[in-house]
Every structure is written in C-alpha cells, then in structure tokens.
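Enquirer: Just dropping this structure here.
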Amino acid sequence: MSLGISVDITLAAAMSADLVIAQVNSSMPRVLGRSFIHVNDVDVIVEHEEELLTIGELPELESANHIGRLIARLIDDGSTIQISPGTTPQSILLALSDKNDLGVHTQFLTNDIMRLVSMGVITNRKKGFNVGKLVASSAIGTNNLYEFLDDNPSIEFHPSDYVNDPGIISRHNKMVSMNVAMTMDLTGQVAADALSYNYFSGVTGMLDFIRGSSQSEGGKSIIMLISTTIDGKKSRIVPMLHDTAIVVPRGDVQYVVTEYGAVNLFGKSLQERAMAMISISHPDFRDELLFEAKKIGLLGEERTLSESVRGIYPIKLEETREIDGDLITIRPAKPVDERRIQEHFYNQDKDDIYSRFFRAKTRFVRDDLEGMFQIDYIKDLTLLAVVGEFGFGKVVAVGEYLLDQVRNVAEVAFSVSKEWQGKGLGKILMRKLSEAARENGIAGLMAYTLPRNQGMIRLFKSLPYKVSTMYDGGVIELSCRFDEVE
7 MSLGISVDIT
17 LAAAMSADLV
27 IAQVNSSMPR
37 VLGRSFIHVN
47 DVDVIVEHEE
57 ELLTIGELPE
67 LESANHIGRL
77 IARLIDDGST
87 IQISPGTTPQ
97 SILLALSDKN
107 DLGVHTQFLT
117 NDIMRLVSMG
127 VITNRKKGFN
137 VGKLVASSAI
147 GTNNLYEFLD
157 DNPSIEFHPS
167 DYVNDPGIIS
177 RHNKMVSMNV
187 AMTMDLTGQV
197 AADALSYNYF
207 SGVTGMLDFI
217 RGSSQSEGGK
227 SIIMLISTTI
237 DGKKSRIVPM
247 LHDTAIVVPR
257 GDVQYVVTEY
267 GAVNLFGKSL
277 QERAMAMISI
287 SHPDFRDELL
297 FEAKKIGLLG
307 EERTLSESVR
317 GIYPIKLEET
327 REIDGDLITI
337 RPAKPVDERR
347 IQEHFYNQDK
357 DDIYSRFFRA
367 KTRFVRDDLE
377 GMFQIDYIKD
387 LTLLAVVGEF
397 GFGKVVAVGE
407 YLLDQVRNVA
417 EVAFSVSKEW
427 QGKGLGKILM
437 RKLSEAAREN
447 GIAGLMAYTL
457 PRNQGMIRLF
467 KSLPYKVSTM
477 YDGGVIELSC
487 RFDEVE
C-alpha cells in the first residue's frame, strides 16, 4: 500500500504504532520509492473517497522576485537543490528557468518543481547520488501535481530519516539548500517560527539540509529573508534575537539573501556580520540597526553608513565574464567589500598607486577608502572586478565615479592589478560606468591623469563621445558630455 503524498514521518509512525488505521482513497497518487506499507502491517482499513487537499498559486511579491533573481546567480548548472515551500521559493524556482541539468533532493515537492521538470531544467542526471531520480518526502500542490506523481518512475519518496539525513544530503554534487527565515539578527542567528512563542514549524529539517549541503562538494546553503513584515512597519533583521527560538546557529549560516542584496557570512567576524546584515536590510531601518549595533558592542562608534544608508544595490549591473580561462564577476561594491578593496591597493606597486592617487601612499585606512564602498549607487558608484568564491573573492580591478553636483559631471578613476592589465577590464568598467551615469541623469564624465599615464588617456578616449583635453600644470583633465557623440 502506497502512502502517497505524505511519506515523511508517516511510515515511522505506522511502524511504531500499536494500532494502524489506513484510509484507502483512489484520489491518492501511487508514489514510488520507500513509500509503501505492507497490508499485513495494517490493523484496520477504511475505504473512503475524498478530494485531496490542494494549494493554488501563491500571491506574487515583488520583493520575492528580487530575491529569486539574486539567488539564481548563486546556483550553478548541475546543482542539486532543496527548497522550502512558500512565496519566495516559488519566485526562486521561476528564476531558475534558464539553468541546466538541475537535480532535486528535498522535503517538499511543489507545482513549481514540476514545471521545471517539464521545461527540462530539472533532469537529475548530475546529482552524483540517486542519479536520475527526483527524491522528496512529501508533496503539496494542485491536482495536476498529484497526477504527475502517480506511478512516475523518475520520482521516489522516502521517509524523513533518509531525506533529511545530512550524510545522505552531502553525497549529492553541488548540493544547494534554500530555506526561508522569519527573522535574523545582526550576528546571523536564524528564527523560523512566525511569531514569538508560536512554534508552528515544529521539528524542522532546515538545519539538516544546511549542514548536509555545507559538507557537499561544491555545495552551499542559502537563507532567504524578506527584509520587512508584510505591512513594512517592522524589520525582519533585528539587533538580537531575544524572545524566539533559534533554529539555525550563526556558525552554520552561509549565504543570506534579501531583496536588497546577498552576503556570505561564513567565516566572518561579528563586526563583519553586522555590517553585512545591515547592508541588506531595508533602507528605512539601516540607521536604527547601526545605532543598536553600536549600543550592544557589535560595531565601534567610528563606523558609519555614509551614502549607503539609502542605497539600493543595482543587481542589473552585475556581469560575469570569462577572461583567459578565469571567471570574473563585475559588480557594484558593497559595504562588506571594505577589506577586499584595501587588500587590492596594498597589492599594487608604487607606480600604479601614484597614477591613481597622484602621490606616494603606503596606508589605505577606512577613512581614505570609505567613499568607494559606502555608496548610494547613483551620485557615487564603484564597480569591482572580482575573481574567486562569492564572499571570499579577490578584487583585481576597481572603477568608480563621483558626481560633481554643481556641474552634473562625474569624475572617474580606475585601478587594475598588474597581472590583469591589458586584458580589457578597464574598458569593461568604463563602459558600465558611463552607461550607469547616463541612466542616473548625469551629463558627462571627467578624469584627471598624469601625462605619462597613456593607458588612462586611451581608455577615456575610447568612449564614443567628443573628448576635451585640458592641461593644468602637470595634470591632464579629460572630459566628455553624453549629448556630444563623436
């Protein structure tokens, strides 16, 4: 006898119970896998026909769509995914429609997973374990989903002691767990219950999948969080979690994504975690969170948010390219990039430093560089070229503009690591900065450079606009206006 759409803890309960009563319902799909109970293990059989519980389409939230687009960038082709149900996961699955050869090992099977199977996005061919099989322990959706499950040889349901086993989860290639949090604090602790003292989620499998995916080769865990309550009056990112159960300890948290950005907390200090969480909180609550972080000692009194207090991360400026066999990500800078930008300049030779800052410089303290990572993405914008894992990558190029509001012209400046010079990074950054400046209503660009810096002169003159050149002592001023095309 098939247990149908709810195998999870049902089989264990039946094996442990003194009295087993089974309802036979022809509407229940016959699902394959370790989902059967022998008729000899049933004490009472009740035949009763009834419609199965169904759930329709969930309401679409724009914040969830933003989260979906951000998470889609973290998931590689060939990954195996686990995702919790809800509005935000629904948006994520829609955002995965351009991926290839995904696999599924999850607790809940939903209509959106079924759609990705029908689109050929989910093939289960590269899972590395249970290859060719979509594995779950329960399902909730429409009648179409239940028909899809019925005697489908590519789908197996197993009990929770198998599906949620971190050892089993970790055997999958590039296992990615995606789970929804209700609240998080500035140190990264996760609460998953809806309200204080309202433990609706019971014994959750969230931590099992987080730990299993972290042990998987190429795996990662992602926490999804809409930044505010539905009415927008409260932040879901709070200074500390005091009156609610902590489902995921801070040490297990890796990626956190809200509609305002994505950060990697793994291996970060408490100070770095606090700045990261504030950077992806709703702009209306950032000042308050910064004040509270200082009050409880997570941040020093000298820390500020500057221009970034109202900045909304422009994901559309992100771009990944392959250059000489290396994947390089071009993206806007974030407040959490402080140390990476400092390390970039510390690794530059003295000639490159002089060309960038017009003086010898050996120290790059926060106050000097703050304008590069505390930005509003409109009046001031910094783009980074980064190689390596998200959250731990190395900055190999920096391009920035800063608006002169009187003239409505933005000054640009660049720095490219020696080993990456001559590979076109400067042109990519210049193009993206000029396009962003135009979209933000800026009239043109300007740059100051030394006569010997021919690379910068050629780079500026590569723009498709009429370039004016002025000499002021030993410095050249280059300028252009976007309405004067050459």
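Take 7 as the starting number for the sequence shown in the numbering used here and just add one per residue.
All C-beta atoms in this analysis are idealised placements derived from N, C-alpha and C, irrespective of residue type, glycine included.
#1: Just tell me which of 152, 194, 149 and 144 has its CA closest to the CA of residue 170.
#2: Determine the closest residue to residue 261 out of 80, 433 and 401, with distance taken between C-alpha atoms.
#3: Using only CA atoms, which one of 312, 191, 224 and 83 lies nearest to residue 175?
#4: Should the region 442 to 453 be regarded as contacting the region 409 to 423, the criterion being three or more beta carbon pairs within less than 8 Å?
#5: Which term fits residue 94, buried or exposed, when burial requires 16 or more other beta carbons within 10 angstroms of its beta carbon?
#6: Leaving aside the five residues before and after residue 244 along the sequence, list all residues of the same chain whose C-beta is less than 7 Å from its C-beta, in chain order.
#7: Among the candidates 356, 351 and 384, whose CA atom is the shortest distance from the CA of residue 402?
#8: With a CB to CB cut of under 8 Å and the five nearest residues on each side skipped, what residues in its chain are close to residue 202?
#9: Looking only at its chain, what residues have a beta carbon closer than 8 Å to the beta carbon of residue 14, apart from the 5 residues adjacent to it on each side?
#10: Count the other CB atoms within 10 Å of the CB of residue 18; is the residue buried (16 or more) or exposed (fewer)?
#11: Does the CB of residue 134 have a neighbour CB from chain C at under 8 Å?
#12: Using DSSP with H/G/I as helix, E/B as strand and the rest coil, what is residue 111?
#13: To the nearest angstrom, how far is the alpha carbon of residue 72 from that of residue 264?
#14: Sort 103, 486, 173 and 476 by Cα distance to residue 414 and report the nearest one.
#15: Kindly indicate which residue of 488, 460 and 430 has the alpha-carbon position closest to the one of residue 452.
#16: Rounded to the nearest angstrom, how far is the Cβ of residue 132 from that of residue 107, given a contact under 8 Å?
#17: Between the alpha carbons of residue 213 and residue 151, how many angstroms are there, rounded?
#18: In three-state terms, what does DSSP make of residue 457?
#19: Which residue wins for smallest C-alpha separation from residue 315, given the options 183, 473, 321 and 383?
#20: Taking buried to mean at least 16 other C-beta atoms within 10 Å of its own C-beta, is residue 476 buried or exposed?
#21: Consult DSSP for residue 198 and reduce its assignment to one of helix, strand or coil.
#22: Throw me the rounded Cβ distance for the residue 467 and residue 490 pair, which I believe falls under 8 Å.
#23: Between which two residues does the beta strand (DSSP E) holding residue 337 run?
#24: Assign residue 438 to one of three DSSP states: helix, strand, or coil.
#25: Among the candidates 197, 183 and 230, whose CA atom is the shortest distance from the CA of residue 222?
#26: For the region 135 to 169, list the beta strand (DSSP E) runs that are entirely contained and at least 3 residues long, ordered along the chain.
#27: DSSP three-state label for residue 352, please.
#28: Once the 5 residues before and after residue 27 are set aside, which same chain residues still bring their CB inside 6 Å of it?
#29: Within 10 angstroms of its Cβ, does residue 41 collect 16 or more other Cβ (buried), or is it exposed?
#30: Taking its Cβ as the centre, do 16 or more other Cβ atoms sit within 10 Å of residue 154, making it buried, or is it exposed?
#31: For the alpha helix (DSSP H) containing residue 420, list its first residue and its last residue.
#32: Go through its chain and collect everything with a Cβ distance to residue 31's Cβ below 7 Å, but skip five positions before and after it.
#33: Rounded to the nearest angstrom, what separates residue 97 and residue 215 at their Cα positions?
#34: Here's the rule I'm using: 16 or more other beta-carbon atoms within 10 Å means buried, otherwise exposed. How should residue 21 be labelled?
#35: Taking three-plus beta-carbon pairs below 8 Å as touching, is the region 390 to 405 in contact with the region 324 to 341?
#36: On the premise that residue 90 lies in contact with residue 186, defined as a C-beta separation below 8 Å, what is that separation, rounded to the nearest angstrom?
Expert: Quick look at the numbers:
#1: Ranking 152, 194, 149 and 144 by Cα distance to residue 170 puts 144 first.
#2: Distances from the alpha-carbon of residue 261 to those of 80, 433 and 401 put 80 closest.
#3: Per the Cα distances, 224.
#4: Result yes; three or more Cβ-Cβ pairs closer than 8 Å.
#5: It is buried - the Cβ of residue 94 has at least 16 other Cβ atoms within 10 Å.
#6: Here the set comprises 189 and 191.
#7: Cα-wise, what sits closest to residue 402 is 351.
#8: Annotation note: pLDDT 49 at residue 202 (below 50); position unreliable, coordinate value reported separately. 249 and 250.
#9: Short of 8 Å from the beta carbon of residue 14, and not among the five residues preceding or following it, lie these beta carbons of its own chain, in chain order: 113, 143, 144, 165, 166 and 169.
#10: Under this definition residue 18 is an exposed residue.
#11: No chain C appears in the structure shown, which is made up of a single protein chain.
#12: Residue 111 falls in the strand class under three-state DSSP.
#13: Take the alpha-carbon of residue 72 and the one of residue 264: they are about 8 Å apart.
#14: Nearest C-alpha to residue 414: 486.
#15: If we check each option's Cα against that of residue 452, 488 comes out closest.
#16: With a Cβ gap of about 5 Å, residue 132 and residue 107 count as contacting.
#17: Taking the straight line joining both Cα atoms gives about 27 Å.
#18: Here DSSP, grouped into helix, strand and coil, assigns residue 457 to coil.
#19: Of the candidates 183, 473, 321 and 383, the one whose C-alpha sits nearest the C-alpha of residue 315 is 383.
#20: With fewer than 16 Cβ atoms within 10 Å of its Cβ, residue 476 is classed as exposed.
#21: Residue 198 falls in the coil class under three-state DSSP.
#22: Between the beta-carbon of residue 467 and that of residue 490 there is about 14 Å, and that puts the pair past the 8 Å contact cut.
#23: Counted as a single uninterrupted DSSP element, the beta strand (DSSP E) harbouring residue 337 occupies residues 332 to 338.
#24: Three-state DSSP puts residue 438 in a helix.
#25: Of the listed residues, the one whose Cα sits closest to residue 222 is 183.
#26: Annotation: the region 135 to 169 contains the following complete segments of the beta strand (DSSP E) (minimum length 3 residues), in chain order: 140 to 142 and 161 to 163.
#27: Looking at residue 352 - three-state DSSP - the assignment turns out to be helix.
#28: 50.
#29: Burial call: buried.
#30: Counting Cβ neighbours within 10 Å, residue 154 comes out buried, since at least 16 surround it.
#31: From DSSP, residue 420 is part of no alpha helix (DSSP H) but of the beta strand (DSSP E) over 415 to 422.
#32: If you ignore the 5 residues before and after residue 31, its C-beta comes within less than 7 Å of the C-beta of 54, 55 and 56, all in its own chain and listed in chain order.
#33: For residue 97 and residue 215, the gap between their C-alpha atoms comes out near 20 Å.
#34: Flag for residue 21 reads exposed.
#35: Yes, they touch.
#36: That pair is a contact at about 5 Å.
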